[in-house]
DNA sequence: TTGAAAGCGCTAACAC
DNA sequence: GTGTTAGCGCTTTCAA
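Chains as they are written, first to last, in the UniProt record's numbering: chain V, 1 to 366; chain W, 1 to 366.
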């Protein structure tokens with residue numbers, strides 16, 4: 001409807017229309033049973049006929065709680081896809097998409113899952129969810145903007161500088177996702193990177209009996225990568241292998257770079273297994289290995305970490321460690337609610353379990 | 001940080017710490033240039049040392065605008081995946097995922113894209129985004145909750161009953177996505193379903209010269225389906241074909257049902273082309289056609305509509321009409337902002353262009 | 001350039 | 001049961 005010259009109706013309008021006080025209107029909304037039925041009906045009729053919608057802001061201000069939780073994600077990658085061979089017909093573009101290389105948009109999908117989990121949990125608890133992607137220089141503004149409107153804030157690791165987060169945390173509970181930040185005083189929820197990688201590596205080394213391994217790590221400053229690498233080393237020790245036995249290279253978690261690294265690796269010597277610190281890298285490795293004419297898993301097994309969708313569709317499908325991103329979002333909301341009821345107390349960290357998914361690139365047995 | 005026994009600081013706290021009035025604090029925040037530098041510095045220092053974050057609610061209340069737009073999506077499908085053959089080791093589950101049938105989670109991905117588009121646009125305009133998935137009986141509550149906290153609301157078609165929407169629209173601008181609801185008085189943004197299907201069908205009939213066609217429609221009450229079907233009929237007329245020539249069946253937009261329908265279809269007679277009203281159906285049809293030992297596109301071409309991810313990974317890859325979901329979200333926010341500056345005026349409808357993506361299941365030429 | 005004061009729309013005592 | 005009233009934390013005239 002677009003008709004609307006007047007200001008939106010308020011409790012006062014409803015009250016006078018129904019011939020009651022504003023307190024009674026408020027009661028009808030919040031504690032209906034405390035109002036006589038006849039009165040209630042009159043008020044409800046007034047609400048309907050006026051088109052009254054209570055102001056969440058006034059309510060939050062008076063009630064000292066907003067009923068909203070915030071979720072701060074890293075900036076969505078706004079990568080407009082390129083499209084080949086375009087023809088236009090009758091206003092509708094026709095694209096020959098046959099050779100279109102499917103682009104990895106994985107990281108976005110990740111956040112989407114977190115978001116969905118958070119939304120679900122928030123809804124179940126009667127809370128609304130406010131999302132923001134903290135990118136660009138105006139990040140401070142956004143953070144403050146969001147922080148000022150919510151009862152608690154969940155922030156994905158490395159989205160916001162610690163200093164800013166600490167400022168915000170003096171006002172509302174903050175929980176950091178995907179990184180254990182207890183040392184900084186934050187509650188946090190992360191995923192059991194180390195155990196996941198250790199278990200997967202144990203499969204490769206112990207179960208499959210492979211001894212010739214290359215390890216494709218990620219950026220050295222990634223906390224995820226550090227934990228995964230630690231888990232990997234742990235598995236080596238478990239089986240009496242010296243880490244030195246393994247050729248380790250550092251990538252950037254990207255597919256392209258991993259492809260290059262894998263090529264170099266294969267030029268030197270072909271390991272029996274290539275274990276990667278994330279799925280994107282593993283897909284890049286897969287590209288290189290297959291391009292070299294090697295067969296996976298027969299000549300070479302390849303593993304990833306994350307459980308991105310692309311790994312379910314690759315050929316061969318990618319063995320990986322699946323992170324429960326939806327659960328991460330859900331747990332975040334739960335943690336905020338918990339902290340709201342118990343403001344004091346030491347920071348807590350929750351570790352969510354991961355799952356090893358054995359697929360064709362590194363099967364249960366050879 | 002978890003230390004926090006006291007209430008969050010307010011303008012008053014900042015004001016007295018800086019030895020100024022609350023008005024000055026407000027000015028420092030909103031119109032810094034209107035305050036002498038020395039004063040400003042003192043205030044900013046106080047803000048930092050107190051950990052002051054302005055209350056968005058109080059601000060919205062006083063300022064009569066929230067700076068937030070709402071996005072209402074249909075309930076996320078909370079379909080916990082089933083997992084086969086589980087083994088546990090050291091706390092980490094190991095799953096033999098080799099035969100795991102990839103489940104279609106497409107519709108969710110859709111909303112995710114809309115969401116991302118909306119978030120991006122909102123951010124660029126300095127607005128925050130509040131999301132909610134309106135499911136269950138408490139939908140009314142949610143809608144009112146969200147509506148009371150935002151300056152405008154974007155709603156995906158069929159998420160909220162018209163009546164409720166009209167109520168809300170008396171307070172704030174409402175824009176409906178994916179369905180032209182001008183007749184009900186709403187601004188709306190949709191996708192050019194008819195032109196998309198017409199163009200695709202013209203390719204099949206005109207370019208490829210196919211005359212033996214089956215059409216798998218969706219639920220009769222779906223506005224999307226109606227438009228697509230109209231576009232299809234239009235293409236038939238364009239080429240002098242009577243709609244009666246085409247065998248039409250109605251599915252439910254789901255893969256499973258489409259598989260059944262296709263089987264029945266093939267039992268009767270094998271058409272040269274099967275045009276489907278959405279991708280899920282087309283994937284189901286593909287399943288059935290291939291299971292029957294027919295080759296696609298050699299024996300049979302198959303087309304979908306939507307442009308879901310699964311269609312990029314299917315074998316053969318699915319020819320389809322791609323809807324710009326991200327643009328839908330972006331346009332929604334823009335429409336709200338527009339309407340905010342121009343409350344009066346007839347409802348507007350925006351049609352976004354679609355793209356035909358020719359892939360292997362129905363290539364540019366045979 | 002700064003301060004005082006009047007709301008913004010609601011909730012929650014506290015009276016009646 | 002229902003009404004009165006004092007805030008909730010901020011913005012914004014209007015004066016000074």
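Glycine included, C-beta positions come from ideal geometry on N, C-alpha and C.
8 Å Cβ cutoff, residue i in contact with chain W
{"i": "residue 313 of chain V", "result": "yes"}
{"i": "residue 282 of chain V", "result": "no"}
{"i": "residue 239 of chain V", "result": "no"}
{"i": "residue 97 of chain V", "result": "yes"}
{"i": "residue 242 of chain V", "result": "no"}
{"i": "residue 250 of chain V", "result": "no"}
{"i": "residue 19 of chain V", "result": "no"}
{"i": "residue 199 of chain V", "result": "yes"}
{"i": "residue 160 of chain V", "result": "no"}
{"i": "residue 228 of chain V", "result": "no"}
{"i": "residue 16 of chain V", "result": "no"}
{"i": "residue 49 of chain V", "result": "no"}
{"i": "residue 271 of chain V", "result": "no"}
{"i": "residue 366 of chain V", "result": "no"}
{"i": "residue 358 of chain V", "result": "yes"}
Which residues DSSP lists as bridging residue i, in chain order
{"i": "residue 355 of chain V", "result": "V/322, W/93"}
{"i": "residue 73 of chain W", "result": "W/133"}
{"i": "residue 214 of chain W", "result": "W/247, W/274"}
{"i": "residue 188 of chain V", "result": "V/176, V/349"}
{"i": "residue 310 of chain W", "result": "None; residue 310 of chain W has no bridge partner."}
{"i": "residue 155 of chain W", "result": "W/72, W/176"}
{"i": "residue 128 of chain V", "result": "V/68"}
{"i": "residue 302 of chain W", "result": "W/274"}
Status (buried if at least 16 other CB within 10 Å, exposed otherwise) for residue i
{"i": "residue 327 of chain V", "result": "buried"}
{"i": "residue 52 of chain W", "result": "buried"}
{"i": "residue 43 of chain V", "result": "buried"}
{"i": "residue 268 of chain V", "result": "exposed"}
{"i": "residue 262 of chain V", "result": "buried"}
{"i": "residue 273 of chain V", "result": "buried"}
{"i": "residue 375 of chain W", "result": "Any answer about residue 375 of chain W is impossible in this case: the structure gives chain W only from 1 up to 366."}
{"i": "residue 355 of chain V", "result": "buried"}
{"i": "residue 381 of chain V", "result": "Only positions 1 to 366 of chain V appear in the structure, and residue 381 of chain V is not among them; the question remains open."}
{"i": "residue 237 of chain V", "result": "exposed"}
{"i": "residue 306 of chain V", "result": "buried"}
{"i": "residue 118 of chain V", "result": "buried"}
{"i": "residue 54 of chain V", "result": "buried"}
{"i": "residue 214 of chain W", "result": "buried"}
{"i": "residue 114 of chain V", "result": "buried"}
Residue-level contact to chain V via CB, residue i, 8 Å cutoff
{"i": "residue 94 of chain W", "result": "yes"}
{"i": "residue 10 of chain W", "result": "no"}
{"i": "residue 112 of chain W", "result": "yes"}
{"i": "residue 255 of chain W", "result": "no"}
{"i": "residue 278 of chain W", "result": "no"}
{"i": "residue 101 of chain W", "result": "For residue 101 of chain W, the predicted model reports a pLDDT of 47, less than 50, meaning its position is unreliable and no value from the coordinates is stated."}
{"i": "residue 119 of chain W", "result": "yes"}
{"i": "residue 361 of chain W", "result": "no"}
{"i": "residue 291 of chain W", "result": "no"}
{"i": "residue 194 of chain W", "result": "no"}
{"i": "residue 204 of chain W", "result": "no"}
{"i": "residue 355 of chain W", "result": "yes"}
{"i": "residue 209 of chain W", "result": "no"}
{"i": "residue 91 of chain W", "result": "yes"}
{"i": "residue 4 of chain W", "result": "Low confidence applies to residue 4 of chain W: its pLDDT is 47, below 50, so where it sits in the model is not reliable enough to give any reading."}
Contact test: residue i Cβ vs the ligand FAD heavy atom, cutoff 7 Å
{"i": "residue 68 of chain W", "result": "Of the ligands one can find in the structure shown there are none, so the ligand FAD has no counterpart to examine."}
Query raised in the report: In chain order, what residues of the region 143 to 155 of chain W put their CB closer than 7 Å to some CB of chain V?
Result: Hits within the stretch, in order: 144, 145, 146, 147, 148, 149.
Requested in this report: Taking only beta carbons into account, state which residues of the region 315 to 337 of chain V come closer than 7 Å to chain W, listed in chain order.
Outcome: Flagged: no residues at all.
Query - Positions along the region 24 to 42 of chain W whose CB lies within less than 9 Å of some CB in chain V - result: Residues of the region 24 to 42 of chain W with a C-beta atom less than 9 Å from some C-beta of chain V do not occur.
Query - Contacting positions in the region 168 to 192 of chain V - beta carbon closer than 9 Å to chain W - result: Answer in chain order: 168, 169, 170, 171, 172, 173, 174, 184, 185, 186, 187, 192.
Requested in this report: Taking only runs that begin and end inside the UniProt domain "HTH lacI-type" (9 to 63) of chain W, name each unbroken alpha helix (DSSP H) of 4 or more residues, in chain order.
Outcome: The qualifying runs are 11 to 18, 22 to 30, 37 to 50, 56 to 63.
Query raised in the report: the region 54 to 80 of chain V: which residues have C-beta closer than 8 Å to a C-beta of chain W, in chain order?
Result: Taking 8 Å as the cut-off between beta carbons, the residues of the region 54 to 80 of chain V near chain W are 54, 55, 56, 57, 58, 59, 60, 61, 66, 67, 68, 76, 78, in sequence order.
Requested in this report: Below 7 Å between beta carbons is the criterion; list the residues of the region 121 to 132 of chain W that meet it against any residue of chain V, in chain order.
Outcome: Listed by position along the chain: 123, 128, 129, 130, 131, 132.
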